[in-house]
Structure formats: C-alpha cells, structure tokens
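Some notes on the structure that comes next.
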Amino acid sequence: MGSAARAQAPEQVILGVDPGLTRCGFGIVRMRADRRAEWVHHEVQGTGADEPLEQRILRIAQAADQLLERFAPDAMAIERVFAQNNAPTVVGTAQASGVVIAAAAARGVPVAWHTPSEVKAAVTGDGSAEKAAVTKMIARILRLEQLPRPADAADALAIAVCHGWRSGVGAGLDAQAGTTTTHQGARTQLQRASQERGTALTPAQRAWQAAEQKARRGR
Numbered sequence: 001m002g003s004a005a006r007a008q009a010p011e012q013v014i015l016g017v018d019p020g021l022t023r024c025g026f027g028i029v030r031m032r033a034d035r036r037a038e039w040v041h042h043e044v045q046g047t048g049a050d051e052p053l054e055q056r057i058l059r060i061a062q063a064a065d066q067l068l069e070r071f072a073p074d075a076m077a078i079e080r081v082f083a084q085n086n087a088p089t090v091v092g093t094a095q096a097s098g099v100v101i102a103a104a105a106a107r108g109v110p111v112a113w114h115t116p117s118e119v120k121a122a123v124t125g126d127g128s129a130e131k132a133a134v135t136k137m138i139a140r141i142l143r144l145e146q147l148p149r150p151a152d153a154a155d156a157l158a159i160a161v162c163h164g165w166r167s168g169v170g171a172g173l174d175a176q177a178g179t180t181t182t183h184q185g186a187r188t189q190l191q192r193a194s195q196e197r198g199t200a201l202t203p204a205q206r207a208w209q210a211a212e213q214k215a216r217r218g219r
C-alpha cells in the first residue's frame, strides 16, 4: 500500500533514522489508529573511515532513497543532532542527516525531528534511559522475538515509534481525519476508545502515557 492509498486508512508507515556517517540506522514501523506499532523493516548502512567522504555520503543517500522507494513511508522521523565534544562525530552525523533529509524532501515525504531524550521518554518512560533499555523496550513494543541489532537499528525503530505516538498518528479518529491532536487530547481519546472497546491499554500505550506524564512534570 503506497502513501496515497494509506492517506484514507487508519494507519501510517514511518521511517525512523538514527543518523551517523559510520553507521546510519533505519527503522520502519506501521502505526495503527489504535496506537499499536508494528515492525516492518530495519537495517544499518555502514561506511568505512578509509573510504572517500563523498562515497560514504553517497552510500547513505542511496540507502535512504531505496527505502523511500521500497516502502513509500508517510513520514520520516530523524534524531536531532546536538553539539558534542567530539566535533568530527557531530560533523559526520550532520552530513548523514542532511543527505537523508534531502532524499525524503525529493520524494515529498515530510520530516520531523526528535531529541534523544524525547525518544527515550516515549519508549521507556525515562528520558535518560540507557541504550540497552531502549533496545529491550522497543522489542517489547514491536513484539519482536529477538532484540533488533545493532543498536543503531533499534534506535531508528524507537525514533519511528516516538514520532507515531507524539505526532498523533495513532490517535484513532484524528489520524483518520488527517489532523494532529495535542498529547492530552490524544491520551483522552485513547482512553475513551479503549473504554468503548472494553479493553485495557496495551503495555506500549501505558508506557507512552507514563512518559508523557513524566515529561509534563519536568517542565
């Protein structure tokens, strides 16, 4: 199902990206209207430090374009780059981010940015969680029998799930109507829909609510 066909369907496909020049993680999830996230695909595009810079960047750009062509995502979510002490790492991450974003823009795919703490809070309920905790929780959320490896792929999946939950993609009727709710509105609607179905929230849904509550208390 392509992006146009899914526009009227209660689900969206999201491509998450954990940018990096040495390893660029890609994770694709399908977010349903009931906020249930489903695994679609994940991979990591690696490049060698001894390769010409332009070839490394080209390989990442080609990998992103191939995924955009193959899965036709409705949105791309990418981790926001922050300045660190290791300047070369920051520059490489920014370069990888740029070509991936350009690939999405060329195909008309909207791009959103999320900070590492936002992703960790959305997935684990703890904005300072370790990578191992994120990997373990994303495997539970997506009901994977094995932990997604390497960590870059797990992070990319977490970024995609974070975007789906935070953007209102899985907010039931609002997602079908093509609108975005506030976090409070999405949560209220989620609870109402669950009550109408006579079912309890899934562990992933409860984790999202807990993360949002914790984030609000910290403001």
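Going by UniProt numbering, the sequence shown opens with residue 1, and the numbers climb by one from there.
Note that beta-carbon positions come from the ideal geometry of N, C-alpha and C, so glycine has one too.
Source: prediction; values computed, not measured.
Q) Quick one: what does DSSP say Glu38 is sitting in, helix, strand or coil? A) strand
field: Same chain, Cβ closer than 6 Å to Gly20, five either side skipped, listed in chain order
entry: Answer for Gly20: Thr93 and Ala96, listed in chain order.
Would you kindly check if the distance between the Cβ of Arg140 and the Cβ of His114 is under 8 Å?
Not in contact: His114 and Arg140 (Cβ atoms no closer than 8 Å).
Helix, strand or coil at Val17 according to DSSP, with G and I counted as helix
DSSP places Val17 in strand when its eight states are reduced to three.
_Determine whether the beta carbon atoms of Val161 and Ile138 lie at a separation below 8 Å._
yes
**Asked** Tell me which same chain residues have a C-beta within less than 7 Å of the C-beta of Arg192, skipping the five on either side of it?
**Response** With a pLDDT of 43 at Arg192, under the threshold of 50, the predicted position of this residue should be treated as unreliable, though the coordinate-derived value follows. Excluding the 5 residues flanking it on each side, Arg192 has no same chain C-beta neighbour closer than 7 Å.
Contacts around Gly127, its chain only, beta-carbon distance under 6 Å, and the 5 residues preceding and following it disregarded: Ser117, Lys120 and Ala121
Compare the beta carbon distance of Arg32 and Glu11 with 8 Å and say whether it is the shorter of the two. yes
Query - Minimum C-alpha distance to Pro73 - residue among Lys131, Asp155 and Val17 - result: Val17
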